[in-house]
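Undergrad:
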Amino acid sequence: MNGPCAYRLENVTVQHGLREVLRLPRFEVSTGEILCLVGPPGSGKSTLLRLLAGLQRPTRGQLWFQGKPFNHKTPLAVKRTITLVFQRPMLLAGTVRSNVEYGLRIRGEAACRQKARAILEQVHLTHLADRSASAISGGEAQLVALARALAFAPEVLLLDEPTNNLDPARVALVEDVVLTDHKQRGTTVVWATHNHFQARRAGERVALLLDGQLIETAPATDFFEMPRDTRTAAFIQGKMVY
Amino acid sequence: MSVLDSEMWPIVTLTLRVTATALVIASVVGIPVGVWLGLARFPGKRPLVALVYTGMSIPPVVVGLLVYMLLSRSGPLAFLEWLFTPTAMILAQTLMALPLITGLVMGAVAAVPADLVWQIRSLGATPWQVRWAVLREARVGVLFALLVAFGRIVSEVGAAYMVGGNIQGHTRVLSTAIMMETGKGNFALALALGGWLMALALSVNLAAMRLHGRSL
Numbered sequence: 000m001n002g003p004c005a006y007r008l009e010n011v012t013v014q015h016g017l018r019e020v021l022r023l024p025r026f027e028v029s030t031g032e033i034l035c036l037v038g039p040p041g042s043g044k045s046t047l048l049r050l051l052a053g054l055q056r057p058t059r060g061q062l063w064f065q066g067k068p069f070n071h072k073t074p075l076a077v078k079r080t081i082t083l084v085f086q087r088p089m090l091l092a093g094t095v096r097s098n099v100e101y102g103l104r105i106r107g108e109a110a111c112r113q114k115a116r117a118i119l120e121q122v123h124l125t126h127l128a129d130r131s132a133s134a135i136s137g138g139e140a141q142l143v144a145l146a147r148a149l150a151f152a153p154e155v156l157l158l159d160e161p162t163n164n165l166d167p168a169r170v171a172l173v174e175d176v177v178l179t180d181h182k183q184r185g186t187t188v189v190w191a192t193h194n195h196f197q198a199r200r201a202g203e204r205v206a207l208l209l210d211g212q213l214i215e216t217a218p219a220t221d222f223f224e225m226p227r228d229t230r231t232a233a234f235i236q237g238k239m240v241y
Numbered sequence: 000m001s002v003l004d005s006e007m008w009p010i011v012t013l014t015l016r017v018t019a020t021a022l023v024i025a026s027v028v029g030i031p032v033g034v035w036l037g038l039a040r041f042p043g044k045r046p047l048v049a050l051v052y053t054g055m056s057i058p059p060v061v062v063g064l065l066v067y068m069l070l071s072r073s074g075p076l077a078f079l080e081w082l083f084t085p086t087a088m089i090l091a092q093t094l095m096a097l098p099l100i101t102g103l104v105m106g107a108v109a110a111v112p113a114d115l116v117w118q119i120r121s122l123g124a125t126p127w128q129v130r131w132a133v134l135r136e137a138r139v140g141v142l143f144a145l146l147v148a149f150g151r152i153v154s155e156v157g158a159a160y161m162v163g164g165n166i167q168g169h170t171r172v173l174s175t176a177i178m179m180e181t182g183k184g185n186f187a188l189a190l191a192l193g194g195w196l197m198a199l200a201l202s203v204n205l206a207a208m209r210l211h212g213r214s215l
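The listed protein sequences correspond, in order, to chains A and B. The first sequence begins at 0 in numbering that gives the first Met the number 0 and counts up one residue at a time. The second sequence begins at 0 in numbering that gives the first Met the number 0 and counts up one residue at a time.
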């Protein structure tokens, strides 16, 4: 693990009605690392990301962010250092540019337009800046969602399978943009994916979730070369049917 | 009175003034309450929502009766001396429009995908910024709510008659004038007044469609 602890979760459970969707006795994310969460759909990855984003509260257990309890009392300034990119792009009404500027505008930041232009250049979408967000393709929309998240330079970037519906060229572009941002600014990245090849390419550490439980967490090389758990081995060998 | 003579204009302008004022007051209250109800989760929300939905279909004559009882000489608000004034009509129409706007805005806001609301929050929006962004996303539904409320109150006759009294030059509006002229057997004039009412509704709808087209 890299730096000091960014997140610490202890005895966290999340229930939807009577169904327990997440149970984590202990889980940590270090500052400045890229942690890939792998696991099949429905394994609890999105729920965990929503907890880390402060969008959802655990049913039980404790969650700390940068050494302090992370809950509804956490100051907005702290919450604003974290952002989540969803699986579906979830763009707002308006132009591509207004979407990318949104996070900057609500923070009252200056030079929104220049910052938006710079990040749009990174995702090769400058030509779409004035296009309505409802008139672009799904792949373009996902890149806009990523640009919108990176525009205000978050300390923590949470990614919920953002490349699911992208063609290989755009998958590579997303990975490149995220990894470049991580290298340049030391962003902490928690990246949910069910594609273990992507986890192998991007992750410094990898964690496998199955049925809401953490099966194994290890540095990427160990995770893929020497899995400790048979279920991890089955997952990375593609033998897990789901 | 003919379709274009000088007696017609006060009726048309009063109709517009009463309806527009009621719509503005009901919107100022109903839109924020609708947004709050659409987004918030709290104990007791269900009965409150049921109350709003019931209010959406409350008959105008019942609203008229309630306002009449409030403002009549023996009512608790008699000291205001609003009965048989345009203000009483505005009050009645506001009470009719309020649950409609609240309920329809609530429905429009609740229909905004939960993931989008989460996305807005995760981009760092304050609670007020979230509400504003969600309201913008639900703007078509909000516009629809205003049109429905306008259509309901501009054409209602029961409450306007009861609390306004259909006094010529004072509280006579298009809907009460149509009712009166029909009662007198002046069908041509009643139809002409109906034409004015339709023209008003059409103008408002066209303006709304233009606005809608621009915002998309």
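Glycine included, each C-beta is placed from N, C-alpha and C at the ideal position. The structure displayed is predicted, hence computed values, not measured ones.
Applying the criterion that 16 or more other CB atoms from any shown protein chain within 10 Å of the CB defines a buried residue, is G107(A) buried or exposed?
TA: Exposed, because fewer than 16 other Cβ atoms sit within 10 Å of the Cβ of G107(A).
Undergrad: Among the residues of its own chain, which have a CB less than 6 Å from the CB of L134(B), if the five just before and after it don't count?
TA: These residues qualify, in order along the chain: V34.
Undergrad: Using a Cβ-Cβ distance under 8 Å, would F223(A) count as near chain B?
TA: Closer than 8 Å: no.
Undergrad: State the Cα-Cα distance for the pair L8(A) and G211(A), rounded to the nearest angstrom.
TA: Going from the Cα of L8(A) to the Cα of G211(A) covers about 14 Å.
Undergrad: DSSP state of L215(B), grouped into three classes?
TA: Here L215(B) scores only 45 on pLDDT, less than 50, and its place in the model is too uncertain to base an answer on.
Undergrad: Kindly indicate which three-state DSSP category R230(A) falls into: helix, strand or coil?
TA: Helix at R230(A).
Undergrad: Does I152(B) pass the burial test, meaning 16 or more other C-beta atoms within 10 Å, or should it be called exposed?
TA: Buried.
Undergrad: Run the proximity test for G107(A): is its beta-carbon closer than 7 Å to any non-hydrogen atom belonging to the ligand ADP?
TA: As far as ligands go, the structure on display features none, and thus does not contain the ligand ADP.
Undergrad: Which same chain residues end up closer than 6 Å to M178(B) when comparing Cβ atoms and leaving out the 5 residues on each side of it in sequence?
TA: Closer than 6 Å at the Cβ level, and outside the excluded window around M178(B), lie V156.
Undergrad: Beta-carbon within less than 7 Å of A87(B)'s beta-carbon, same chain only, minus the 5 sequence neighbours each way: which residues are those?
TA: Counting only Cβ-Cβ distances below 7 Å, and skipping sequence neighbours, we find V66, L70, W81, V162 and G163.
Undergrad: Suppose you measure from the CA of A189(B) to the CA of K183(B); what does that come to, to the nearest Å?
TA: So the alpha carbons of these two residues sit roughly 10 Å apart.
Undergrad: So, does the CB of T162(A) fall closer than 8 Å to a CB anywhere in chain B?
TA: No, because no Cβ of chain B sits closer than 8 Å to the Cβ of T162(A).
Undergrad: Please compile the residues from chain B whose C-beta is within a distance smaller than 9 Å of the C-beta of F85(A).
TA: Within 9 Å Cβ-Cβ: D114, L115, W117, Q118 and S121.
Undergrad: Is T73(A) close to chain B? Criterion is C-beta to C-beta, closer than 8 Å.
TA: It does not: the Cβ of T73(A) has no partner Cβ on chain B nearer than 8 Å.
Undergrad: With 7 Å as the C-beta to C-beta threshold (strictly closer), list the residues of the stretch 134-153 of chain B near chain A in chain order.
TA: Correct list: R135 and E136.
Undergrad: Between I30(B), L76(B) and T14(B), which lies nearest to L99(B) when the distance is taken from Cα to Cα?
TA: Looking at the Cα atoms, I30(B) is the closest of the given residues.
Undergrad: Using 8 Å as the threshold, is the C-beta distance between V143(A) and L90(A) below it?
TA: Their beta carbons are under 8 Å apart, which means V143(A) touches L90(A) by this criterion.
Undergrad: R18(A): which of S29(A), T46(A) and I33(A) sits nearest, CA to CA?
TA: Ranking S29(A), T46(A) and I33(A) by Cα distance to R18(A) puts T46(A) first.
Undergrad: Flag Y6(A) as yes if its beta-carbon sits less than 8 Å from any beta-carbon of chain B, otherwise no.
TA: By this cut-off, Y6(A) is not an interface position.
Undergrad: From what residue to what residue does the beta strand (DSSP E) around D159(A) run?
TA: From DSSP, the beta strand (DSSP E) with D159(A) extends over V155 to D159.
Undergrad: Once you ignore the five residues that flank A148(A) on each side, which residues in its own chain have a CB closer than 7 Å to its CB?
TA: For A148(A), where only same-chain residues beyond five positions count, the Cβ hits under 7 Å are T82, V84 and L156.
Undergrad: Taking only the alpha-carbon atoms, compute the straight-line gap between A207(B) and P68(A) and give it to the nearest angstrom.
TA: Computed Cα separation, rounded: 48 Å.
Undergrad: Looking only at C-alpha atoms, which of T162(A), I105(A), A92(A) and L172(A) sits nearest to A76(A)?
TA: Answer by Cα proximity: I105(A).
Undergrad: Below 7 Å on C-beta distance, what does A189(B) contact in chain A?
TA: By Cβ distance, chain A contributes nothing, its closest Cβ being about 44 Å from A189(B), past 7 Å.
Undergrad: Put S131(A) into one of helix, strand or coil per three-state DSSP.
TA: In the structure shown, S131(A) sits in a strand (DSSP, three-state: E or B).
Undergrad: Restricting to Cα atoms, I'd like to know which of A148(B), G54(B) and G193(B) is closest to V23(B).
TA: V23(B) has its Cα closest to that of A148(B), out of A148(B), G54(B) and G193(B).
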